Amino acid sequence: MRAVVQRVASASVSVDGKVISSISRGLMVLVGIGTDDTLTDVETLSSKILNIRVFDANGAMWKSSVKDIAGEVLCVSQFTLMANTTKGNKPDFHRAMSTNSSKDLYAVFLEKMRQLYVPDRIQDGEFGAMMNVSLTNEGPVTLTLDTRKFEYVAVPGGPSRKKSSENGKDKNRRVDVVPSRPSGSVTRGPSHGELDVS
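Okay, structure coming up:
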């Protein structure tokens with residue numbers, strides 16, 4: 001599962017010109033479900049969203065979660081997050097779970113979020129509808145989360161780590177991008193989040 005998480009001052013979802021959900025300060029979350037996602041992915045992603053520290057506390061950055069500030073969360077199902085854009089210019093959505101199956105798993109995801117937090121602070125769009133999403137991104141702060149640990153990392157044969165000086169201290173920074181997974185079978189490794197691609 002993938003999520004785009006935005007720290008917001010406010011956010012809302014409208015369908016046919018009518019606002020169906022709105023929140024004040026908290027998180028706007030777009031959620032994509034892949035063909036092989038399971039309940040384990042639901043549990044991992046819901047916990048991470050609710051506990052990731054993207055809010056300030058006592059003048060210090062990255063100290064509080066949405067739960068810590070008693071914020072709200074607006075979730076919107078977003079199959080386009082699973083798009084493969086490596087070939088041509090037309091997105092390929094074959095990695096997205098089918099409509100009926102993803103609707104069921106998304107409902108489980110929402111229920112898990114409500115179990116882990118205050119139920120009425122978890123809002124939702126309308127699954128499968130054409131929605132207009134409005135928000136005021138606070139910061140701006142936008143994060144991508146993926147239960148398969150998607151991130152920018154060094155690639156074999158690419159440039160080595162580069163060092164930069166920040167506040168008098170050297171920091172290692174990875175600057176390379178992992179290419180998309182090759183086609184083939186994908187299975188979980190011994191621990192959650194590890195993949196074996198063959």
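Residue numbers (full-length UniProt numbering): 1 to 198. No residue lacks a Cβ here, since even glycine has one placed at the ideal position from N, Cα and C. This structure is a prediction, so every number in the text was calculated from the model and none was measured.
Where residue 100 is concerned, there is no enclosing beta strand (DSSP E), although the alpha helix (DSSP H) around it starts and stops at 99 to 116. In the structure shown, residue 23 adopts extended strand secondary structure according to DSSP, grouped into three states. A straight-line Cα-Cα distance of about 22 Å links residue 2 and residue 9.
Measuring C-alpha to C-alpha distances from residue 66 to each of 156, 6, 134, 127 identifies 6 as the nearest. For residue 123 against residue 52, the beta-carbon gap comes to about 18 Å, at or over 8 Å, which does not count as contact.
Pairing residue 13 with residue 133 gives a Cβ-Cβ distance under 7 Å.
Across the structure, residue 86 and residue 118 are spaced so that their CA atoms are roughly 40 Å apart.
In the displayed model, residue 44 falls within a helix according to three-state DSSP. The region 72 to 81 makes contact with the region 21 to 41, as at least three CB pairs between them are under 8 Å. Taking a C-beta distance under 7 Å as the contact criterion, residue 147 and residue 44 qualify as a contact pair. Distance from residue 28 to residue 135 at the Cβ level is roughly 5 Å; contact confirmed, criterion being Cβ atoms closer than 8 Å.
Around the beta carbon of residue 109, 16 or more other beta carbons lie within 10 angstroms, which makes this residue buried.
By the 16-neighbour rule on beta-carbons within 10 angstroms, residue 92 is exposed.
Taking 8 Å as the upper bound for CB-CB distance, residue 4 and residue 126 are not in contact here, some 18 Å apart.
In this chain, the beta strand (DSSP E) harbouring residue 61 covers 60 to 64. The C-beta of residue 50 has 16 or more other C-beta atoms within 10 Å across all chains shown, which makes the residue buried.
Annotated three-state conformation of residue 33 is coil, per DSSP. In the three-state scheme derived from DSSP, where H, G and I count as helix and E and B as strand, residue 79 is classed as helix.
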